[in-house]
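**Student:**
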Amino acid sequence: MRLQLSPELEAFREEMRTFFTTQVPQEIRDTVAAHRHVTKEQYIATQRVLNAAGLAVPHWPVEWGGRDWTPLQRHIWREEMQLASVPEPLAFNTSMIGPVIATFGNQEQKERFLPATANLDIWWCQGFSEPDAGSDLASLRTTAVRDGDDWVVNGQKTWTTLGQHADWIFCLVRTDPTAEKKQRGISLLVFPMDSPGVTLRPIELLDGSFEVNEVFFEDVRVPAENLIGEENRGWDYAKFLLGNERVGIARIGSTKRMLAQAKQHAREITVDGRPLLDDPRMAARIAEIENDLVALELTALRVVANSADGKPHPASSVLKLRGSELQQAATELLVDIAGPLSVASFAEKGSDVPEWARVATPHFLNYRKVSIYGGSNEVQRTIIAGSILGL
Numbered sequence: 000m001r002l003q004l005s006p007e008l009e010a011f012r013e014e015m016r017t018f019f020t021t022q023v024p025q026e027i028r029d030t031v032a033a034h035r036h037v038t039k040e041q042y043i044a045t046q047r048v049l050n051a052a053g054l055a056v057p058h059w060p061v062e063w064g065g066r067d068w069t070p071l072q073r074h075i076w077r078e079e080m081q082l083a084s085v086p087e088p089l090a091f092n093t094s095m096i097g098p099v100i101a102t103f104g105n106q107e108q109k110e111r112f113l114p115a116t117a118n119l120d121i122w123w124c125q126g127f128s129e130p131d132a133g134s135d136l137a138s139l140r141t142t143a144v145r146d147g148d149d150w151v152v153n154g155q156k157t158w159t160t161l162g163q164h165a166d167w168i169f170c171l172v173r174t175d176p177t178a179e180k181k182q183r184g185i186s187l188l189v190f191p192m193d194s195p196g197v198t199l200r201p202i203e204l205l206d207g208s209f210e211v212n213e214v215f216f217e218d219v220r221v222p223a224e225n226l227i228g229e230e231n232r233g234w235d236y237a238k239f240l241l242g243n244e245r246v247g248i249a250r251i252g253s254t255k256r257m258l259a260q261a262k263q264h265a266r267e268i269t270v271d272g273r274p275l276l277d278d279p280r281m282a283a284r285i286a287e288i289e290n291d292l293v294a295l296e297l298t299a300l301r302v303v304a305n306s307a308d309g310k311p312h313p314a315s316s317v318l319k320l321r322g323s324e325l326q327q328a329a330t331e332l333l334v335d336i337a338g339p340l341s342v343a344s345f346a347e348k349g350s351d352v353p354e355w356a357r358v359a360t361p362h363f364l365n366y367r368k369v370s371i372y373g374g375s376n377e378v379q380r381t382i383i384a385g386s387i388l389g390l
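Residue numbers (numbering that gives the first Met the number 0): 0 to 390.
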């Protein structure tokens, strides 16, 4: 099955494809395609190329760099970017805090933060999860107490992705511990990561990388004007932010690219004298993932088309749930195609083992995270049951 686009949208797709494959440096795209580590400098360089062309934040209000595109155009933009192995605009900036400030921030905050956020002049990180408040985020314990013109922040955040690169953090804090419902006493503060009292400690992951961190706050003074929106309304902003995050988290284009790579590798590997791709069980497995991906893409189009006033649709939880499952299925497929070669995960670069096979297992291990971040899949099932199925 293939979506049939109008001639205008086909031209738009070709415009996006041409830009992504000619204007973003090939070296950066090769890094993404090979599942190698993307450096901070590569992220920044890519986002500034996109922003200069008006392609970094098309979903933002037009006055702050957005484009007046249809939901389908935004879908095509994202898919072609992923298919071209272009690092996507930093989600913490463009899909999380940016839309929150654009929607709930005051004019001074918009002018101060939005242009720098779109151009990655400010690298943001997310201060949400805590050791005892992950999926149950409303149980967070980090506090902010008003002291004159400042808030004084104390507590700890964890799993802070790419916090080692960040200039600023957007942080959920408890400002009213006496609120009847724990969700009602939370506010959203933003402040520099080099503020006195902020300490960052890296966490080594399963694949040996250092992608996430713990962040500790000890009497961190945050100016009162750095409160986003209203005091004790932070939970509303967090739900808005996470809904936006889940819309893009399905990463359909990236999974399509991984499947294309898997099919190519399966053509090149022979088992009992014939290509692995000709094995009926392997062919059926690939076809099953491809069919599931088509269904997910159609669901994604329905979700974005039915998002009122740019607000996330409850079905974004379906995208997060199924998208993460298919991403994991694709990484597992690559490991199985590599077979014994996949155990050479940490072989030297001079090894005879192809690079794609060497990185297959670390990539598989790293992608265990996608069913956890953005709200674990168990939590997404609960949201789907209550908000969509009415159970």
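Note that beta-carbon positions come from the ideal geometry of N, C-alpha and C, so glycine has one too.
For the segment 358-376 against the segment 295-302, do three or more pairs of beta-carbon atoms, one drawn from each stretch, fall closer than 8 Å, so that the two count as touching?
**Tutor:** No, the segment 358-376 does not touch the segment 295-302.
**Student:** Could you give the C-beta distance for Leu320 and Asn376, rounded to a whole number, given that I count them as a contact under 8 Å?
**Tutor:** Contact flag correct, Cβ pair sits at about 5 Å.
**Student:** Going straight from the alpha carbon of Asp29 to that of Thr20, what length do you get?
**Tutor:** Each residue's alpha carbon lies about 11 Å from the other.
**Student:** On the DSSP bridge assignment, give the partners of Val221 in chain order.
**Tutor:** Per DSSP, Trp150.
**Student:** In this structure, how does DSSP classify Asn212 when only helix, strand and coil are distinguished?
**Tutor:** Three-state result, Asn212: strand.
**Student:** Per DSSP, what kind of secondary structure is Ala391 in: helix, strand or coil?
**Tutor:** In this structure the chain extends from 0 to 390, so residue 391 is not present and cannot be described.
**Student:** Going by the CB atoms, is the gap between Leu171 and Leu187 shorter than 8 Å?
**Tutor:** Closer than 8 Å, so yes.
**Student:** Inspect the beta-carbon positions of Phe216 and Val152 and report whether they are closer than 8 Å.
**Tutor:** Cβ distance < 8 Å, so Phe216 and Val152 count as in contact.
**Student:** Terminal residues of the continuous alpha helix (DSSP H) containing Arg77?
**Tutor:** Residues 70-82.
**Student:** Between the C-alpha atoms of Lys156 and Met80, what's the straight-line distance to the nearest angstrom?
**Tutor:** So the alpha carbons of these two residues sit roughly 31 Å apart.
**Student:** Pick from Val317, Thr93, Val189, Leu226: whose alpha carbon is nearest that of Thr381?
**Tutor:** The option with the nearest alpha carbon to Thr381 is Val317.
**Student:** Return the CA-CA distance between Pro274 and Ile268, expressed in angstroms with no decimal places.
**Tutor:** The straight-line gap from Cα to Cα measures roughly 6 Å.
**Student:** For Glu129, which three-state DSSP category applies?
**Tutor:** Glu129: strand per DSSP, three-state reduction.
**Student:** By the 10 Å Cβ neighbour count, where 16 or more other Cβ atoms means buried, how is Gly65 classified, buried or exposed?
**Tutor:** Its Cβ being crowded by 16 or more others within 10 Å, Gly65 is buried.
**Student:** Helix, strand or coil for Ile202 per DSSP?
**Tutor:** Looking at Ile202 - three-state DSSP - the assignment turns out to be strand.
**Student:** Assuming Ser134 and Val378 are in contact, meaning their beta carbons sit under 8 Å apart, how far apart are those beta carbons, in whole angstroms?
**Tutor:** About 5 Å; that satisfies the 8 Å criterion.
**Student:** May I have the straight-line CA-CA distance separating Asp218 from Ile168, to the nearest angstrom?
**Tutor:** If you take the alpha carbons of Asp218 and Ile168, they lie about 16 Å apart.
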